[in-house]
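Visitor: Could you have a look at this structure, given as structure tokens, before my questions?
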Amino acid sequence: METAIGVFVSRERAEGAVKSLLEQHVPEESIVYLTRSESEAHTVGKQLGGYAGGFVGGATRLSAGVAAATLLAVPGIGSVFALGFGAAALLGLVGAGTGAAVGTGASRAHAMEPTTGTGTSTDATFFRQVLNDGHSLIVVRTESSQVAATACAILDKQGMRMRKGTEQKSSVATRQVDGAVVVDVVGRIALGEGTASLRDTIRELTEKGSGLILLNLSGVDFIDSAGLGELVRTHASIQHHDGQLKLVSPSRTVYDLLRVTKLDRVFDIEKDEAAALKSARAAGANS
Numbered sequence: 002m003e004t005a006i007g008v009f010v011s012r013e014r015a016e017g018a019v020k021s022l023l024e025q026h027v028p029e030e031s032i033v034y035l036t037r038s039e040s041e042a043h044t045v046g047k048q049l050g051g052y053a054g055g056f057v058g059g060a061t062r063l064s065a066g067v068a069a070a071t072l073l074a075v076p077g078i079g080s081v082f083a084l085g086f087g088a089a090a091l092l093g094l095v096g097a098g099t100g101a102a103v104g105t106g107a108s109r110a111h112a113m114e115p116t117t118g119t120g121t122s123t124d125a126t127f128f129r130q131v132l133n134d135g136h137s138l139i140v141v142r143t144e145s146s147q148v149a150a151t152a153c154a155i156l157d158k159q160g161m162r163m164r165k166g167t168e169q170k171s172s173v174a175t176r177q178v179d180g181a182v183v184v185d186v187v188g189r190i191a192l193g194e195g196t197a198s199l200r201d202t203i204r205e206l207t208e209k210g211s212g213l214i215l216l217n218l219s220g221v222d223f224i225d226s227a228g229l230g231e232l233v234r235t236h237a238s239i240q241h242h243d244g245q246l247k248l249v250s251p252s253r254t255v256y257d258l259l260r261v262t263k264l265d266r267v268f269d270i271e272k273d274e275a276a277a278l279k280s281a282r283a284a285g286a287n288s
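Just so we're on the same page, the numbering used here is the position in the sequence shown counted from 1, plus 1.
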């Protein structure tokens, strides 16, 4: 399963991205759209309603051709409008209602409770942080490599717009340093080889019970929307296995991406391995 994530400050770009995804035949059931703006949700709902009936579980397309959105009451944020299957799970919530149709006078948000565990392939902390800052999110999840490639191209263009970087071959290697495992990533964390290599490495380490993982990003010069999804997945997976993750030595380009997408508020980011090890030891002493 590939997960591509787009973070949008501009309403126009977010709406344009949804339109492009649908026009390029990305299945509507693969798309989740999250926003705190009712008017934005209504506009996107019109786009989705024109392509498919019944987009949210339990909700049906309105007679005016508007896909219904679920209105969620999210702890610490407030009202969030969600279009797409699995939105509640992305936010780490349980108890989803049947969906309140945006634009039909429905105003009561469905009360949601946080899950007791992670339970999802992504990190709810990230999604909540982005929404709390007033940004919108598009998440595309698919088993199809072709659909993932199409979605990445659109989200990269409309969302992050990160410089492509070099075309050097991606590689992932591990080494032991003072009780931690350092994962050295070189090249691109991008759809295909880059995301798959990182995913397989993290899976192997968590299965072995590695408690502290340092992700060395000094050799990374490009991260696409699928790579962003993989970083979020990595964070959630390590936390689920009661481990610690530190991002180490990101380049200025990568750090700027983490800052713009709010991942700098989710990850522990350190300037070098020595600082990461010191921080981890301090956290262990205080726990």
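Even glycine gets a Cβ: it sits at the ideal position worked out from N, Cα and C. As the structure is a computational prediction, the values presented were derived from the model and not from experiment.
Could you have a look at K20 and say whether DSSP puts it in helix, strand or coil?
Guide: Looking at K20 - three-state DSSP - the assignment turns out to be helix.
Visitor: Between which residues of its own chain and V266 is the CB-CB distance below 8 Å, once the five residues before and five after are set aside?
Guide: One detail in the question is off: residue 266 reads as Arg in this sequence, not Val. Same-chain partners within the cutoff: Q130.
Visitor: Just to check my reading of the structure: E231 and V249 have Cβ atoms closer than 8 Å, yes? What is that Cβ distance to the nearest angstrom?
Guide: No, E231 and V249 are not in contact; Cβ-Cβ is about 17 Å, not under 8 Å.
Visitor: Would A89 be called buried (16 or more neighbouring beta carbons within 10 Å of its own) or exposed?
Guide: Buried.
Visitor: Compare the Cα-Cα distances from P28 to each of A152, F128, I6, L73 and report the closest residue.
Guide: Residue A152 is the option with its Cα nearest to P28.
Visitor: Give a yes or no on whether the C-beta atoms belonging to V182 and S211 are separated by under 7 Å.
Guide: Yes; because the gap between Cβ atoms is below 7 Å, this pair is in contact.
Visitor: Given D135, which residues of its chain have a CB within under 7 Å of its CB, disregarding the five upstream and five downstream residues?
Guide: The sequence shown places Gly at residue 135, not Asp. Answer for G135: R37, listed in chain order.
Visitor: Could you work out which residue in Y34, P76, T254, L246 is closest to F86 when comparing CA atoms only?
Guide: Residue Y34 is the option with its Cα nearest to F86.
Visitor: Could you check which residue in A5, I6, K47, R200 has the C-alpha nearest to that of E16?
Guide: For the residues A5, I6, K47, R200, the minimum Cα distance to E16 belongs to K47.
Visitor: Enumerate, from N- to C-terminal direction, the unbroken alpha helix (DSSP H) stretches of 4 or more residues contained entirely within the stretch 159-220.
Guide: Fully enclosed alpha helix (DSSP H) runs of 4 or longer: 194-208.
Visitor: Do G228 and V187 have their C-beta atoms within less than 7 Å of each other?
Guide: For G228 and V187, no; Cβs fall outside 7 Å.
Visitor: Which residues does DSSP pair with T36 in a beta bridge?
Guide: Answer is F82, bridged to T36.
Visitor: Is it the case that the Cβ atoms of E3 and A149 are separated by a distance below 7 Å?
Guide: Result yes, Cβ atoms of E3 and A149 sit closer than 7 Å.
Visitor: Since F223 contacts R189 with CB under 8 Å, what's their CB separation in whole angstroms?
Guide: About 4 Å separates the two Cβ atoms, so the contact holds.
Visitor: Would you say G46 faces chain B, with C-beta separation under 7 Å as the test?
Guide: Absent here is chain B; the protein component of the structure consists of one chain.
Visitor: Only counting the same chain, and skipping five residues up and downstream in sequence, which positions put a Cβ closer than 6 Å to that of A226?
Guide: Sequence inspection shows Ser at residue 226; the Ala mentioned does not correspond to that position. If we look at S226 and ignore the five residues flanking it on each side, its Cβ neighbours are A5, I6, G7, C153, L156, D157.
Visitor: Considering only residues of the stretch 132-157, which uninterrupted beta strand (DSSP E) runs meet the minimum length of 3 residues and lie entirely inside it, listed in chain order?
Guide: 137-143, all fully within the stretch 132-157.
Visitor: Taking R282 as the reference, give the member of G180, T196, H236 with the closest Cα.
Guide: Of G180, T196, H236, the residue nearest in Cα terms is G180.
Visitor: Comparing C-alpha positions only, which one of E39, F128, T235, T44 sits nearest to G77?
Guide: Ranking the options by Cα distance to G77, first place goes to F128.
Visitor: Are the CB atoms of V75 and L92 nearer to each other than 7 Å?
Guide: A contact, by the Cβ cut-off of 7 Å.
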